[in-house]
Every structure is written in structure tokens, then in C-alpha cells.
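Before any comments, here is the structure.
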Amino acid sequence: MVSLCSLCSLLISFSFAFVSQFFIFSDAQTKDYDYPTAVTSTQWANNATDNRSITYADGSIVQIILLRRIGEYGPAYACGFYCNGNCKSYLFAIFLVVFAGGTITTLYDGRPQVVWSANRNNPIMIGATLELTSKGNLMLIDANGTVAWYTKIFGKSVVGLNLTDLGNLVLFDRNNVTIWQSFDHPTDSLVFGQKLMAGQRLMPSVSRTNWTIDGMITLSMNNGSLSAQMETSPPQIYYNHDIPNPHASDKPPYVEFVNGSLAFFGITTMEMAVMLVPQASFAQYMKLGSDGHLRVYEWGAFGWVEVSDLLTEYLGDCGYPTACGQYGICTNGQCSCPSFSREWDYFKQVDDRQPNLGCSVYSTLSCELSQDQGLLEFKDVMYFTFTADLENINASSCKEACTNKCSCKAVIFKYGSKASGDCYLLTQVFSLKKVDNKKISYNSTVYLKVQDTTKLSSEPRLDKKDSVNNQRSDHLRVIIASSLGALFAATILIIIIVFFFRNRDDNEVEGDYLDQLPGMPTRYTYEDLKAITNDFSKKIGEGGFSSVFEGTLIDGKRVAVKFLVGFRQVKKSFLAEVEAVGSIHHLNLVRLMGFCADKSHMLLIYEYMLNGSLDRWIFHESNKSVLNWQQRKKIILHMAKGLNYLHEDCKQKIAHLDIKSQNILLDENFNAKVADFGLSKLIDRDQSRVVTTMRGTPGYMAPEWLSAAITEKVDVYSFGVVILEIVCGRKIFDRSLDEEDMYLLSLFKRKAMEEQLLDIVDKCSEDMQLNGSHAVNMMRIAAWCLQGDYKRRPSMLMVIKVLEGITEVPGDLEYNFSTQPSTNGAAKFSYTHLKFSATTTLSPSVLSGPR
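The sequence shown maps to residues -17 to -1, 1 to 834 in mature numbering (1 follows the signal peptide of the UniProt record, and there is no 0).
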């Protein structure tokens, strides 16, 4: 590993575009990558120049105090000082950082994810200190000497501090007994293995940049139920899950975030799922937001992504207290203010550009003027929650109860087929929602209390002189206001016209551009594709930015229609894919049969591949039959021929840049075809290398990506990884295996050095075992393709010649699979010494999926 100074000198030589996207933290000694414990009488200063301080692309800064490193790839827990861009104030926090190739990285969206903090309401400044005192207290002392936070430990023999592999910060005694732990003081998040005990609650911060506790929304475990509520008086509960028979056990029930669910425990010996969570392929955490949503985030192929919005399944878009803010009415996720008549509105938008911020009343309610108040009626409207204050009464009595109560601002009347029903009096009004009484078993009407402005006392009477002056002043104001209004309206109209025509021109230019490219396939309208796919009724695949549907052309031919969803990045992907493969044809490339560039719709029509993607046949995750040696050899040869055509036989070289088993499709005869050109790059024949932003799937990406200057040889490297997956029958990352075997390239290197490559040939296939010697020879081709220096890798044409027996693999192969710098400024990047444990949450290659 290079020293920090050496690494810095290398990084300086990178282009500005590269540096702006990636930051790699390295240190002089490998030992500094794992320091999860500390002893008493230790002090740490908040100092941005500390050698453990990392600055991220979004401006966030962390200064790591303790780091629990689990492996050399993927998220790891750390604690220390944190700021999020506006670095005038800091938190002492526990956060997730990401390792790649043995270093902390900000690759893609790798910014630190805060899962616990000590001082949200009392942030500190530069110069503050954290001290683990001799008496065992953990104290956060601001730069001015004031105590910002401490653990309040008295009379305990604390000997040290430990950050566990679950992200729990623990003070422990000499018997290793926990004295204090962060898990007992949750903030707004839960991580794997963390429990929410009775009396504990999650409370969100106001926003990502305002750490102050919101105080209005909580998720808590109380009285045998898990509930989310607005902390009003009385509380307004918007989600509740009761535990059946909560007193059946002596131990108080609790919920715990486990892989696959937020589950109840303590009722029986078995867990009972409360909410299902997508099974984690990697590190996950859940966070309660200030909008009331409980979201689950997971580290994916290109950063942290939201994988689930847990409560929305139960509540819908309109079931949250702040869905449309105070007094706002939510209709299918859209917000509006209550409207009483055309002549007069009692409510106005807080911000016309952000309707979800809610509505305000024109005239504030006044108890002293209660005689001038009235109730506005809104039928088929319901509140986000309902608790009956009065039962079995009629609408008139319900309204009267609110009228006679000064603090009542609205009343909800819920009733069935009879005139009587239940009544809910509100002292604070949050989000309302429109309901369809045809779909529910009750009727509801909302009455909102307003100050009747038509009955308010008028202004003091003016004398004649004042009246004349005021009239002149009023005329002048009207003229000025009218002129300004006309000018403003004209300006807005011009902006709209310019925006409309520019967008229209852009769309026309893009459409014309695609139509003018030679050899383009058929262009379809969106309506054509709705008919071809039967209104997109049969989904056969899904990726990060697309869904794939089965369709049938007029001639009866089956096709796969890829529906891209997104904006700029997806648009680039769409144009790249059409331009790259629209006019080329090869037996081992999936044929693009048509496309749609109809305004905002971007779709691609491909030939239908009956046997789907290669990964479904080689990883033994389904009941599909196992491929034999000849089938695997044929697939590898077909892949090589497809890539050779892209690299050598097109007018411009086409670098695919995302070769992986998910992007190799198989027809009914197991002929292989390369698919998904959304990340591809055209390279002129006279260019030796091209500079581009990093793209692809971790595990399949060549080491030279870190220099941002690449050639088509990055495809050769990825091809080598896929060969190994095919021959070994396993994924590049497989954390179900022992730690030393989790990363396939590390295992491959070790077995090659031990001359025991037969040990890793697919053991699920008897035919592969019988052809073990051929499989080992194939692995030598893979090793050639995986050479760290791209200049030592073969062209795909050379690979084809070896596969067809025309030439042989050279004997001087290296098995370190790391870059050998061939130009100034090339950083060394190695996968060879990766170490994993059974608890490491790895990012599998399949995360990015077929796009």
C-alpha cells in the first residue's frame, strides 16, 4: 500500500473531473484501517486537518475516531465528528463509510450515512473535544469549554469504549459487561440487530442540514404496540400495530430490525414480522423522516439507494400527517387547499410552488370573536387519522360540539348508512385526504372552523380630506400595480414560450438526429408499443432504471420491450444504446429491432431471448438444469465473438463497459448474445485511450477505471471475470462462503499459486468435473484477460483464436490482477488481498441488474 504522501501526489495528477467525483482515503499503515476500541483517559480533538479527516464530494467532512472494519469492500461502521457541508457545526455521530479496494472511498454516492448522533440539539465547533474520562464517562466538550453532551455514568468501573460490528457504541467494564450503549438511546434510525424497546422512540431531525430534533413526529414502542404519531395534545396516531396478548411473556415485547423485517419479539420464542423489508444484499438501515415516512436504505452498486418506504404500503400517499401540510387536502398524492366558493377563499397556499407545504388561513381564529366564526363543510373528505371523541351522535350535535369549544379548529364526522355516527374534534389540523365513498364502508365529512371575515368590524371611519387623499393614493397604487402586473405577466409569458419552443426543438433535434443515423431500426410510437405489449401487462425483467415487458409484433414475433424511466442519465443511456447498436448486426449481439423516442417516452425493442440471462443458469439459485461443459464453452466463444465485433469490425470501436453475466442473454438453443449497451462508449479508431466517467458494476470493473482513461480492454477484463463465474459456477462475491473464499479473484489467485485450480471447478456439475482439465485451461484464458496492466491483456480476436485452438495462452501470466502503472499518474488499485467475514455485507455484482 502506498503512503499518504505518495497517494496524494498521484491523485494530484488526475484530471479535475475525476477528482471531483472520487476521493480515496489512504493511510501510511494498514493497521490504521481497524481501530474499533479505546481505553479510558483518552481524548480526541475536532480538527479538520487530522490525518483521519475525510472530505467528501458533497462537502461533508468526517473525522474518524473509531472504525470497525469488516472487510475490504463495502460499508463499515465508524464514529467520530461529522458535518454535512455547512461545516460551522459538527455532530459526534456513528456513520457508515464505504470501503473499496482496501480504502475508504466516496465512489459514486458514497457519502457517510449518519445512523446515530449524540448532540443533535447542541452541535459543536472546530476545537471541541471528545473525552473518555478516567471515571468512564464519555464527554463531548465544545470549543468554549461547555459540556455539549455526556453519558452520565456514575460509580461504574468503565475500562474502555468499543464500536461493535453492528454499529453499537459501547462502554464496558473489566468483565466486558455493557455499562452504556448507543442502542439504548436511538435517534432517528435503526440498523441491523438494533431493538426498539418499550419506552424508546425514533425522532427525526428537521432536515438533513438542520439536525434539530423535529419533535412533532415519533415512532415508538409503548403499551404493547408500535405506533407512529404526531406529538400533539392529545397525540394524533397515523400508524399503529398492536401486539396480540402483549402480557403473555414476563419480558416486555420489543421490535428489532432483522434481515427481511421489522419484527416483534418477546411474545413467544419466535419472531412475528411487523413489516417486511427487502432481504438485504448489502448493508441496510432504516430512518424516520420529518415527513413521517420510515424508509429503508441499502448500499447498492452505485451508492446508497432507498429500497423500501415501509409505512406507505399501509397508509398510501395520503395517509401521512404532513402529506399536504396543515389544512391541505391530499387527492391521489396531489395537494390543494380547501375551497369554499368562487367569491371567497378562506385558505391560501403557504408556497404556490410547493403545494405539499400546506395552507394557511386568511384570518386567524379568535376566541374573543367566536360569534363571527363558522364551519365550512367538505363532503367525502377524511382526516389522516380518526379517534372518536363523541359516539353515536348526529352531524348537528357534532358541529355544535366544535362550535362550543374554543380550541376546536375542525371536526370530522364519520357515519354509515344512518344519520348518526362518530365525531372527532381537532385542536390542530394537519393533512386531510379526499376519499371515494364507493371504495370504503363509511361516509365522512370535514367541517373546518373559520373566522367569518364578512362580519368582522370595519376600519375606523375617515374624514372627507383623508378620504380624498386616500382615493388619489388608491388610484395611483392601482395604476402602478396594474402596470407591474402586466409587465410581470408578459415576462412570464415570454419565459414560457422560450422554454416551450426550446424543449420542443430539443425533442425534435433528438428525434431528427436518431432518424438521420444510417441503418436505424423501425421507429414506433408510444401507442404502437402499448398495443404490442398489451398495455405493458407482462413484465419479464426489471433493472435500476428500466422495466422489460414481453410483446408481440403484428407478424407474431415475440419481442422484449425495454421501458426506460428517468431523466438525464437515462436519456444518455437511451441515446448511447440506440446509437451504438441501432445500425449494427451480429449473430452474438442482441438485435435492436426498434425504438420509441416519443416526447418523454424512451423505449427499446429487442429480439426475445427465451432462456433469459446467463446468471440464471450458472449460479444454481433456481431449479434450472445445470449447463454442461460444451454449452459453457459455446457461450464463452459467442461472448468473445460478439465483443470482437464491437471492438474491431464497427466503424468506431464500441466499448460495452458493463459486461457481466446478467447482460449475456441466451436463446432457445443456448446461443449467447451480448446485451444492454446503455453504458457503452464510442471510441475513434485513432484514439488509443478515452477519458470518461466511471461506469459499470463493481467486481467486473478493470483497475484502470481509477485513472478515468480507459480502452476497450476494460471489456476484456470483465469478460475474464465472467469466464471464471461460468467455469466455477459462482458469483464474483459470495458471502455464503468462508471468509477467505468470498472473493472469487482472491480464491482464484490462491488456487493458482497452489496449483489446485481443479478445486474451484463447478462442483454442481458432474460433466464439469469430468472435463476438469479443459476447465482449468479456460481459467488460464480468464487469467490472461484479467492482467492488471491492460497492455498485457489479449484482444478479443486473440481470445477467439485460443478458444478455437489456433494459438495458445502465454506462460508468463501474473495473478495479482492489479494495475502496473504505464503512464504518469496512474493509481494502483488491487482486488487481490481482499478479506471478508461472514457478517460482511457485500455488494453483489447483480445489484445493478440488466438495465
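Idealized CB from N, CA, C, for every residue including glycine. Quantities reported herein were computed from a predicted structural model and do not represent experimental measurements.
query: When the Cα atoms are used, what is the spatial distance from Trp767 to Ser520?; result: 45 Å
query: So, at 8 Å on beta carbons, what are the nonlocal neighbours of Glu68 in its own chain, with the 5 sequence-adjacent residues on each side left out?; result: Per the sequence presented here, residue 68 reads as Gly, with Glu not at that position. So the list reads Asp41, Gly42, Ser43, Thr192, once near-sequence residues are dropped.
query: Under the rule that 16 or more other beta-carbon atoms within 10 Å means buried, what is Lys416, buried or exposed?; result: buried
query: Per DSSP, which one or two residues make a beta bridge with Leu50?; result: Tyr18, Ala61
query: Evaluate contact between the stretch 667 to 684 and the stretch 598 to 611, counting only Cβ atoms and requiring at least three cross-stretch pairs below 8 Å.; result: no
query: Is Ile44 helix, strand or coil by DSSP?; result: strand
query: Taking DSSP as the reference, what is the three-state secondary structure of Lys634?; result: coil
query: Going along the chain, which residues of its own chain have a beta-carbon closer than 8 Å to the beta-carbon of Leu796, five neighbours each way excluded?; result: Arg763, Ala766, Trp767, Gln770
query: Considering Met751, what are the terminal residues of the alpha helix (DSSP H) in which it resides?; result: 749 to 753
query: For a test of the three-state rule: what should DSSP assign to Leu768, helix, strand or coil?; result: Reading off the sequence, residue 768 comes out as Cys, not Leu. Looking at Cys768 - three-state DSSP - the assignment turns out to be helix.
query: Relative to the alpha-carbon of Val241, which residue among Ile537, Lys624, Ala263 has its alpha-carbon at the smallest distance?; result: Ala263
query: Within its chain, find whatever has a CB closer than 8 Å to the CB of Leu781; leave out the 5 residues flanking it on each side and keep chain order.; result: Per the sequence shown, residue 781 should be read as Met rather than Leu. Correct list, in chain order: Thr790.
query: Just how far apart, CA to CA, sit Ile220 and Lys331?; result: 26 Å
query: Sort Arg35, Val548, Ser583 by Cα distance to Thr508 and report the nearest one.; result: Ser583
query: When DSSP labels each residue in this structure, what does Asn205 get in the three-state scheme?; result: strand
query: Starting from Lys432, follow the beta strand (DSSP E) in both directions and report where the run begins and ends.; result: 426 to 434
query: Secondary structure at Gln262, three-state DSSP: helix, strand or coil?; result: coil
query: Within 10 angstroms of its Cβ, does Met736 collect 16 or more other Cβ (buried), or is it exposed?; result: exposed
query: Determine the direct distance from the alpha carbon of Asp274 to that of Asn102, and round the result to whole angstroms.; result: 21 Å
query: Which of the three DSSP states, helix, strand or coil, is assigned to Lys417?; result: strand
query: Are the Cβ atoms of Ser165 and Leu152 separated by less than 8 Å?; result: yes
query: Give me the Cβ distance between Met543 and Val531, rounded to the nearest whole Å; I'm assuming they're in contact under 8 Å.; result: Note on identity: in this sequence residue 543 is Ala, with Met being the wrong assignment. With 8 Å as the limit, Ala543 and Val531 qualify as a contact, their Cβ atoms being about 5 Å apart.
query: What are the boundary residues of the alpha helix (DSSP H) that includes Ser529?; result: Where Ser529 is concerned, there is no enclosing alpha helix (DSSP H), although the beta strand (DSSP E) it sits in stretches over 529 to 535.
query: Let me know the secondary structure DSSP gives Asn571 once reduced to three states.; result: coil
query: Quick test of the definition: if touching needs 3 or more C-beta pairs under 8 Å, does the stretch 342 to 349 touch the stretch 370 to 379?; result: no
query: Note down the Cα distance separating Ser244 from Leu408, rounded to an integer number of angstroms.; result: 36 Å
query: Specify the secondary structure class of Ala402 as computed by DSSP and reduced to three states.; result: coil
query: Using a Cβ-Cβ cut-off of 6 Å (strictly less than) and excluding sequence neighbours within five positions of Leu259, which residues of its own chain qualify?; result: Ser244
query: Excluding the five sequence neighbours on either side, which residues of its own chain have a C-beta within less than 6 Å of the C-beta of Gln26, listed in chain order?; result: Thr112, Glu114
query: Which residues mark the beginning and the end of the beta strand (DSSP E) in which Lys664 is found?; result: 664 to 666
query: Using a Cβ-Cβ cut-off of 7 Å (strictly less than) and excluding sequence neighbours within five positions of Gly404, which residues of its own chain qualify?; result: Phe396, Lys397, Tyr398
query: In chain order, what residues of the same chain have a beta carbon less than 6 Å from the beta carbon of Gly311, not counting five sequence neighbours either side?; result: Cys318, Gly341, Cys342, Ser414
query: Taking the C-alpha atoms as reference points, what is the distance between Val394 and Cys385?; result: 6 Å
query: Within this structure, are the beta carbons of Gly679 and Asp641 separated by less than 8 Å?; result: yes
query: Return the residue from the list Phe731, Gly110, Pro106, Ala126 that minimises the CA-CA distance to Leu31.; result: According to the sequence shown, residue 31 is Ala rather than Leu. Minimum Cα distance to Ala31 is reached at Gly110.
query: Closer than 7 Å: is that where the CB of Met186 sits relative to any heavy atom of the ligand NAP?; result: By its list of ligands, the structure shown contains no ligand whatsoever, and the ligand NAP lies outside what it can speak to.
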